[in-house]
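Colleague: Provided herewith is a single structure, encoded as structure tokens, for subsequent inquiry.
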Amino acid sequence: MTIAQTLTKAQATGNDFLMFADDHGAYDPQPKEIAHVCNRHFGIGADGVIRVTHPEYVADLTDAQREELAKAHIDWFMDYRNADGTLAQMCGNGARATALFIQAMHLAVVTEGQPLRLGTRAGIKTLTPLADDPDLGTQLFRVDMGPWSIGEEDAYTVTVDAAVGEGKGTFVDMGNPHVVTVVEDAFTSLPVLDNLDLSVRPVVEPGIDEGQNVEFVRIDEIDAATDIGEATMRVYERGCGETMSCGTGLCATAIVLRAKTDISHWRIKVKGGTLRVDVTDNNVMLTGAAALVATVQMMQER
1 MTIAQTLTKA QATGNDFLMF ADDHGAYDPQ PKEIAHVCNR HFGIGADGVI
51 RVTHPEYVAD LTDAQREELA KAHIDWFMDY RNADGTLAQM CGNGARATAL
101 FIQAMHLAVV TEGQPLRLGT RAGIKTLTPL ADDPDLGTQL FRVDMGPWSI
151 GEEDAYTVTV DAAVGEGKGT FVDMGNPHVV TVVEDAFTSL PVLDNLDLSV
201 RPVVEPGIDE GQNVEFVRID EIDAATDIGE ATMRVYERGC GETMSCGTGL
251 CATAIVLRAK TDISHWRIKV KGGTLRVDVT DNNVMLTGAA ALVATVQMMQ
301 ER
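Every letter in the sequence shown is one number past the one before it in the working numbering, and letter 135, counting from 1, is 135.
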């Protein structure tokens, strides 16, 4: 077995994960086994697998990454794999689920208002537990997602089905690649957000070699006086398909919306709930709920 036999099922606004702690580097998750356990018909079902381990047990890290983590005295690392077994640089929802898992399993002291630093392939992320919020839910964590960069506005063409139109997309680098398309405006001929068929992968041109996550967003309301906007988003994640939520995708979406509207604070609805995203010139903060759902004992033969 390349993953633990006992797994924890977790979710963060519907983005669901199978998690386990690997304190001694005993496991080396392989794509075939990850794809099996993530299969919703023949396995348990999840958007990805998270191995919570120490940085020295993550084989694909570069020397520079190892040095950064060592200098910062980072104890725990989120080794995230997509449902198809491919490596993922970062997952904002997965980071919140990981922080809750670390807290519940007493792997570190995690208390309200006190930051936890977590290693990821996209760098060190700081997560802070927050009090419950009537709009965002319980077991909230704010994630400092770090620096971001945005490409030329509307430089990409996104099609879902050539027969029903196209939209313009903007590239955002959140440590992983995103292309964000605003729908239901004057610049797109795509269907309304609720009618988009995301059962197949959207086509992005020009394509990005390693693939990209694609977000479709509708602006619902803007209050310029308070610098707060509301929007609704759907996402197609590379390696997963359409998911209930995507943390880095929410951040990428808020960054594009800020570029288009000058509004820096967004409440964004996804299928799995509502999250808050706060954008500055230097970083972006993601706030949302997480939950541990079940402990799962895998059969020996799988």
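Even for Gly, the Cβ is constructed at its ideal location relative to N, Cα and C. Keep in mind that this is a model prediction, so the values were computed, not measured.
Hey, out of Asn15, Pro147, Pro31 and Leu61, whose CA is closest to Arg81's CA?
Modeller: Pro31
Colleague: Which ranges does the beta strand (DSSP E) cover as unbroken runs of at least 3 residues, wholly within the stretch 170 to 238, from first to last along the chain?
Modeller: Taking only runs of at least 3 residues, the beta strand (DSSP E) segments lying wholly in the stretch 170 to 238 are 177 to 182, 203 to 205, 213 to 223 and 228 to 237.
Colleague: Is Arg238 buried or exposed, if buried means 16 or more other CB atoms sit within 10 Å of its CB?
Modeller: buried
Colleague: Where do the N-terminal and C-terminal ends of the beta strand (DSSP E) with Ile44 fall, by residue?
Modeller: No beta strand (DSSP E) holds Ile44; DSSP gives it neither H nor E.
Colleague: What residues in its chain sit with their C-beta under 7 angstroms from that of Val279, if we drop five residues either side in the sequence?
Modeller: Ala254, Ile255, Arg258 and Ser264
Colleague: Can you grab the Cα-Cα spacing for the pair Asp23 / Arg276, in whole Å?
Modeller: 33 angstroms
Colleague: Between the stretch 67 to 75 and the stretch 231 to 250, are three or more C-beta pairs nearer than 8 angstroms?
Modeller: Output reads no: the stretch 231 to 250 does not touch the stretch 67 to 75.
Colleague: Taking the alpha helix (DSSP H) that Gly123 belongs to, which residues open and close that run?
Modeller: Taken as a continuous stretch (DSSP letters only), Gly123 belongs to no alpha helix (DSSP H), being part of the beta strand (DSSP E) at Gly123 to Leu130.
Colleague: The beta strand (DSSP E) spanning Ala12 covers which residue range?
Modeller: Thr6 to Ala12
Colleague: With a cut-off of 8 angstroms on the beta carbons, I'd call Val203 and Thr159 a contact; round off their distance for me.
Modeller: 5 angstroms
Colleague: Over what stretch of residues does the alpha helix (DSSP H) that includes Thr98 continue unbroken?
Modeller: Gly92 to Ala104
Colleague: Between Gln114 and the rest of its own chain, which residues show a CB-CB distance below 8 angstroms, the 5 nearest in sequence each way excluded?
Modeller: Thr128 and Pro129.
Colleague: Let me make sure I understand the geometry here. Which of Gln11, Gln89, Gly211 and Leu193 has the alpha-carbon closest to that of Arg218?
Modeller: Leu193
Colleague: Whole angstroms are fine: how far does the CA of Asn176 sit from the CA of Ile208?
Modeller: 11 angstroms
Colleague: Between the alpha carbons of Thr126 and Thr6, how many angstroms are there, rounded?
Modeller: 27 angstroms
Colleague: Are the beta-carbon atoms belonging to Cys246 and Asn195 less than 9 angstroms from one another?
Modeller: no
Colleague: To which residues of the same chain is Val37 closer than 8 angstroms at the C-beta, ignoring the five residues directly before and after it?
Modeller: Ile3, Leu7, Leu18, Gly43, Ile44, Ala46, Val49, Met298 and Arg302
Colleague: What's the gap between the Cα of Ala225 and the Cα of Lys271?
Modeller: 28 angstroms
Colleague: Ignore the nearest five residues each way along the sequence and tell me which others in Asp173's own chain have a CB closer than 6 angstroms to its CB.
Modeller: Ser149
Colleague: I'd like to check one pair, Gly14 with Met244: are the Cβ atoms closer than 9 angstroms?
Modeller: Cβ distance < 9 angstroms, so Met244 and Gly14 count as in contact.
Colleague: Expressed to the nearest angstrom, what Euclidean distance is found between the alpha-carbon atoms of Phe348 and Thr188?
Modeller: Any property of residue 348 remains undetermined from this structure, which presents the chain solely from 1 to 302.
Colleague: To which residues does DSSP link Gly167 through a beta bridge?
Modeller: Looking at the DSSP assignment, Gly167 forms a beta bridge with Val158.
Colleague: By the three-class DSSP mapping on this structure, what secondary structure does Val109 have?
Modeller: coil
Colleague: So what does DSSP say about Val284, is it helix, strand or coil?
Modeller: When secondary structure is reduced to three states using DSSP, Val284 falls in the strand class.
Colleague: Identify the residues that DSSP records as bridge partners of Lys71: which are they?
Modeller: Lys71 is not bridged to any residue.
Colleague: Could you tell me the boundaries of the alpha helix (DSSP H) in which Leu136 lies?
Modeller: No alpha helix (DSSP H) contains Leu136, which DSSP labels as neither H nor E.
Colleague: Name the DSSP beta bridge partners of Asp16, please?
Modeller: Gln11
Colleague: To which residues of the same chain is Ala99 closer than 6 angstroms at the C-beta, ignoring the five residues directly before and after it?
Modeller: Contacts found: Leu116, Leu127 and Phe141.
Colleague: Roughly how many angstroms lie between the CA atoms of Ile228 and Thr86, to the nearest whole one?
Modeller: 36 angstroms
Colleague: Kindly list the residues whose CB is nearer than 6 angstroms to the CB of Glu242, restricted to its own chain and excluding five residues on each side of it in sequence; keep chain order.
Modeller: Here the set comprises Leu198 and Tyr236.
Colleague: Taking Ala291 and Ala10 to be in contact with their CB atoms under 8 angstroms, please state how far apart those CB atoms are, rounded to whole angstroms.
Modeller: 7 angstroms
Colleague: If you reduce the DSSP assignment to three classes, tell me which class Ala290 lands in.
Modeller: coil
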